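Note sheet for the following structure.
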Amino acid sequence: MRLTLPEGRARASLLMAAPWLFFLALILLWELVCRAFALPEYVLPAPSAIVEAFFKVEMSRWFTHLWATLKVALMGFAASILVAIPVAIAMMRSELLSRTLYPLLVVIQSTPVVAVAPLIIVLMGSDDPSRVLITCLLTFFPLVVSTATGINETPEELVELSRSLDAPLRRETWQIRIPYAIPHIFSGLRVAITLAIIGAVVAEFVAAEEGLGYFIQFSTSFFRIPQAFAGLFFLAVVSLLLFKSVQWSQQLFFPWSLPRKGSH
Amino acid sequence: MTEPAPATNRSFVRLSGVGHRYDPDPAVPPAVTGINLDIRRHEFVAVVGPSGCGKSTLLRMVSGLLMPTEGEVSVFGKQVSGPRDDVGIVFQKPTLLPWLTVRKNVLFPLRHKYGRYSRADEKRADELLAMAGLEGFAGKRPDELSGGMQQRVGIVRALLLNPDILLMDEPFSALDAMTREQIGFDLLKIWEENPKTVLFITHSIAEAVLLADRVLVMSKRPGTVLEVLDVDIPRPRTAHTISEPRFGQLTERLRKHIYAPDAA
Ligand SMILES: Nc1ncnc2c1ncn2[C@@H]1O[C@H](COP(=O)(O)OP(=O)(O)OP(=O)(O)O)[C@@H](O)[C@H]1O
Ligand SMILES: [Mg+2]
Numbered sequence: 060m061r062l063t064l065p066e067g068r069a070r071a072s073l074l075m076a077a078p079w080l081f082f083l084a085l086i087l088l089w090e091l092v093c094r095a096f097a098l099p100e101y102v103l104p105a106p107s108a109i110v111e112a113f114f115k116v117e118m119s120r121w122f123t124h125l126w127a128t129l130k131v132a133l134m135g136f137a138a139s140i141l142v143a144i145p146v147a148i149a150m151m152r153s154e155l156l157s158r159t160l161y162p163l164l165v166v167i168q169s170t171p172v173v174a175v176a177p178l179i180i181v182l183m184g185s186d187d188p189s190r191v192l193i194t195c196l197l198t199f200f201p202l203v204v205s206t207a208t209g210i211n212e213t214p215e216e217l218v219e220l221s222r223s224l225d226a227p228l229r230r231e232t233w234q235i236r237i238p239y240a241i242p243h244i245f246s247g248l249r250v251a252i253t254l255a256i257i258g259a260v261v262a263e264f265v266a267a268e269e270g271l272g273y274f275i276q277f278s279t280s281f282f283r284i285p286q287a288f289a290g291l292f293f294l295a296v297v298s299l300l301l302f303k304s305v306q307w308s309q310q311l312f313f314p315w316s317l318p319r320k321g322s323h
Numbered sequence: 008m009t010e011p012a013p014a015t016n017r018s019f020v021r022l023s024g025v026g027h028r029y030d031p032d033p034a035v036p037p038a039v040t041g042i043n044l045d046i047r048r049h050e051f052v053a054v055v056g057p058s059g060c061g062k063s064t065l066l067r068m069v070s071g072l073l074m075p076t077e078g079e080v081s082v083f084g085k086q087v088s089g090p091r092d093d094v095g096i097v098f099q100k101p102t103l104l105p106w107l108t109v110r111k112n113v114l115f116p117l118r119h120k121y122g123r124y125s126r127a128d129e130k131r132a133d134e135l136l137a138m139a140g141l142e143g144f145a146g147k148r149p150d151e152l153s154g155g156m157q158q159r160v161g162i163v164r165a166l167l168l169n170p171d172i173l174l175m176d177e178p179f180s181a182l183d184a185m186t187r188e189q190i191g192f193d194l195l196k197i198w199e200e201n202p203k204t205v206l207f208i209t210h211s212i213a214e215a216v217l218l219a220d221r222v223l224v225m226s227k228r229p230g231t232v233l234e235v236l237d238v239d240i241p242r243p244r245t246a247h248t249i250s251e252p253r254f255g256q257l258t259e260r261l262r263k264h265i266y267a268p269d270a271a
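These protein sequences, in sequence, are chains A and B. No gaps in the numbering here: position 167 of the first sequence is 226 in the working numbering, and each next residue is one more. No gaps in the numbering here: position 6 of the second sequence is 13 in the working numbering, and each next residue is one more.
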């Protein structure tokens with residue numbers, strides 16, 4: 060049987076509200092389960108306990124940790140963009156380069172970063188540069204692949220048009236290929252931004268004195284489970300906001316690159 | 008049409024024994040072979056033939072995007088040895104750039120070739136758009152236009168650099184029958200106002216007879232010339248042309264050469 064939806068405006072607002080209502084229901088259920096079975100906090104803290112723990116921590120401390128994580132994630136993300144897009148362009152230009160680099164990229168991608176992170180920290184010290192590198196390793200591959208895919212999807216006719224005009228290769232790249240790759244680059248960016256947060260947190264798990272990842276780990280090791288959960292949710296919200304800002308910037312700067320409204 | 012220029016007597020585009028093979032293996036027949044054709048200046052030549060017979064290959068050799076592996080193509084007595092900028096190309100799909108307005112799409116060849124364009128160029132773009140019945144659409148984006156309008160923009164873009172030769176590769180085959188007929192007549196009007204040497208590939212025999220001065224019929228692979236038919240129907244051609252007995256005779260004759268059923 061199918062759920063039948065009301066028509067028109069009511070349907071639209073129901074569609075909007077549905078995920079929030081579901082989320083709220085889940086939280087309520089969680090709270091009820093915790094109370095009904097009187098679960099101890101170290102097994103599963105109730106949402107109310109988590110909220111309480113969140114406000115017990117001073118705001119300035121939250122912001123110190125937030126900034127530490129954000130800084131590494133964004134620096135890694137930016138560095139990754141700066142390297143990945145030119146590499147993708149170069150790989151599209153030269154088959155030799157593409158053949159040479161691709162296996163290496165796959166090897167990097169399929170090596171678990173969690174396993175490599177301690178080695179990087181040992182090698183480079185427990186400072187921001189090594190954390191940024193760890194973040195980069197995680198975000199690099201999806202960006203290269205999405206950019207390269209986008210560049211490859213440029214219609215052959217436009218490439219012919221460019222050749223028939225005898226235009227410089229540089230303009231073919233900038234005026235045709237890169238803009239065509241924008242939708243793909245953005246889907247890569249959306250993946251990369253969430254991976255950047257993961258990278259920063261992994262780096263903090265290995266060695267750090269501040270940051271949200273560090274905060275969660277440290278709270279857990281002192282059995283302050285509600286506080287760890289508070290950190291986790293804070294991190295999830297930050298990650299979501301970053302993801303959304305990538306979407307927003309696409310809407311703002313490249314509205315044409317989005318599928319037309321209604322065509323979903 | 009009366010053509011006072013002395014150049015009329017000479018052939019403008021000359022194909023002498025032109026052929027191309029994509030596969031160097033001599034066991035595989037070439038895509039196109041032994042094409043001889045002289046096109047007069049400002050002549051409208053249509054090319055018909057079964058799918059895969061090498062029509063696009065022929066067109067790309069005239070454009071200079073593809074070098075013949077046998078024979079040679081010359082324009083005004085000069086051998087074609089690479090992409091040439093006195094050629095405008097219209098593709099089957101309009102392939103406009105979705106991030107540019109209609110006017111900027113039309114101006115794209117200038118920006119792409121020289122990196123800039125002037126006020127006068129903008130004015131010319133607007134005039135061409137008006138001529139193609141696209142007044143008031145200059146500021147719109149391609150996805151706000153119907154398929155037929157997009158293809159008109161594609162034609163206008165090809166006319167911007169005022170090329171001597173207009174190469175059209177099945178330009179109307181993605182359009183519905185009614186739009187297709189209308190845009191065909193509009194093309195004739197544009198061509199009569201701005202005479203050009205036109206090489207027009209189509210799958211539709213009726214379209215070829217309706218538009219062209221001569222129709223080149225190609226054979227199945229390897230593509231060669233089966234017949235070059237003179238269309239001795241006076242211009243201007245209109246919707247009435249279709250009901251003339253001569254039109255029926257010519258299409259009937261062409262149909263005998265083509266094994267594939269006619270699309271139109
Ligand atoms: N780049 C290429 N490499 C190898 N073979 C090709 C290439 N382009 C075309 N061919 C082959 O050459 C032959 C002629 O192709 P072409 O595209 O010129 O035919 P066409 O008459 O334009 O076909 P259609 O009517 O389907 O557009 C076909 O058999 C095709 O498979
Ligand atoms: Mg073709």
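Ideal placement from N, C-alpha and C gives every residue a C-beta, glycine not left out. Since this is a predicted model, take the numbers as computed values, not measurements.
Taking buried to mean at least 16 other C-beta atoms within 10 Å of its own C-beta, is residue i buried or exposed?
i: Q86/B; result: exposed
i: A247/B; result: Note that residue 247/B is His in the sequence shown here, rather than Ala. Burial call: exposed.
i: Q286/A; result: buried
i: F328/A; result: Outside the shown range of chain A (60 to 323) lies residue 328/A, about which nothing can therefore be said.
i: G25/A; result: Not covered by the structure: residue 25/A. The range shown for chain A is 60 to 323.
i: A53/B; result: buried
i: R91/B; result: buried
i: G24/B; result: exposed
i: S72/A; result: exposed
i: N112/B; result: buried
i: W126/A; result: exposed
i: G67/A; result: exposed
i: A198/B; result: The sequence shown places Trp at residue 198/B, not Ala. The residue in question, W198/B, is buried, as its Cβ has 16 or more Cβ neighbours within 10 Å.
i: P238/A; result: buried
i: K130/B; result: exposed
For residue i, which residues of its own chain have a beta-carbon under 8 Å away from its beta-carbon, when the five flanking residues on both sides are left out?
i: L155/A; result: none
i: P105/B; result: R148, P149, D150
i: P171/A; result: none
Mapping the DSSP letters down to three states, classify residue i as helix, strand or coil.
i: H264/B; result: helix
i: H27/B; result: strand
i: D45/B; result: strand
i: L276/B; result: Residue 276/B lies beyond the stretch modelled for chain B, which goes from 8 to 271, so this question has no answer here.
i: S81/B; result: strand
i: T40/B; result: strand
i: Q256/B; result: helix
i: A69/A; result: helix
i: Q86/B; result: strand
i: G71/B; result: coil
i: G95/B; result: strand
i: S173/A; result: Looking at the sequence shown, residue 173/A is not Ser but Val. Helix at V173/A.
i: F96/A; result: coil
i: V55/B; result: strand
i: I233/A; result: The identity of residue 233/A in the sequence shown is Trp, whereas the question assumes Ile. Residue state, collapsed to three classes: helix.
i: L66/B; result: helix
i: T128/A; result: helix
i: A240/A; result: helix
Sorted by chain position, which residues of the same chain lie with C-beta nearer than 7 Å to residue i's C-beta, five sequence neighbours on each side aside?
i: E177/B; result: Q99, I208, T209, H210
i: L182/B; result: G154, G155, Q158, I190
i: H27/B; result: P37, A38, V39, T64, M68, L73, P75, T76
i: A207/A; result: A147, M150, M151
i: F200/A; result: L164, I167, Q168
i: I193/A; result: V172, A176, I179, G258, V261, A262
Cutting at 6 Å between CB atoms, please list the residues of its own chain near residue i, excluding the five before and the five after it.
i: F281/A; result: none
i: I241/A; result: F313, S316
i: A289/A; result: I109, A112, F113
i: L185/A; result: With the sequence shown as reference, residue 185/A is identified as Ser, and Leu is not the correct amino acid for it. A266.
i: V109/B; result: F144, A145, K147, V160
Entirely enclosed beta strand (DSSP E) segments - the stretch 194-253 of chain B, minimum 3 residues
When DSSP assignments are scanned along the stretch 194-253 of chain B, the uninterrupted stretches of beta strand (DSSP E) that are 3 or more residues long and fall wholly within it turn out to be 204-208, 221-225, 232-237.
If the cut-off is 7 Å on Cβ atoms, which residues from the stretch 211-232 of chain A count as contacting chain B, listed in chain order?
Going along the stretch 211-232 of chain A in chain order, one finds P214, E216, L217, E219, L220, S221, R222, S223, L224, D225, A226, R230 with a Cβ nearer than 7 Å to chain B.
Where the stretch 228-258 of chain A meets chain B: residues whose CB sits under 9 Å from a CB there:
If the cut-off is 9 Å between Cβ atoms, the stretch 228-258 of chain A has R230, E231, Q234, I235, P238, Y239, I241 near chain B.
Output needed in chain order: residues of the stretch 301-315 of chain A with a Cβ under 8 Å from some Cβ in chain B.
Cβ contacts with chain B come from F313, W315.
Fully enclosed by the stretch 121-192 of chain B, which beta strand (DSSP E) runs are 3 residues long or longer?
Fully enclosed beta strand (DSSP E) runs of 3 or longer: 172-176.
Could you run through the stretch 134-164 of chain B and flag, in chain order, every residue whose CB is less than 7 Å away from some CB of chain A?
Flagged, chain order: R148, D150.
Name, going along the chain, the residues of the stretch 76-98 of chain B whose beta-carbon falls closer than 9 Å to a beta-carbon of chain A.
Residues G89, P90, R91, D92, V94, G95, I96, F98.
Enumerated in chain order, which unbroken segments of the alpha helix (DSSP H) with a length of 4 residues or greater are wholly contained in the stretch 256-313 of chain A?
You should have 271-280, 284-312.
Can you give me, in chain order, the residues of the stretch 19-34 of chain B that have a beta carbon less than 7 Å from any beta carbon in chain A?
Within the stretch 19-34 of chain B, no residue has a Cβ that lies closer than 7 Å to any Cβ of chain A.
Segments of 4+ residues assigned as alpha helix (DSSP H) that fall wholly inside the stretch 186-221 of chain A
Listed in chain order, the alpha helix (DSSP H) elements of length 4 or more contained wholly in the stretch 186-221 of chain A are 187-211.
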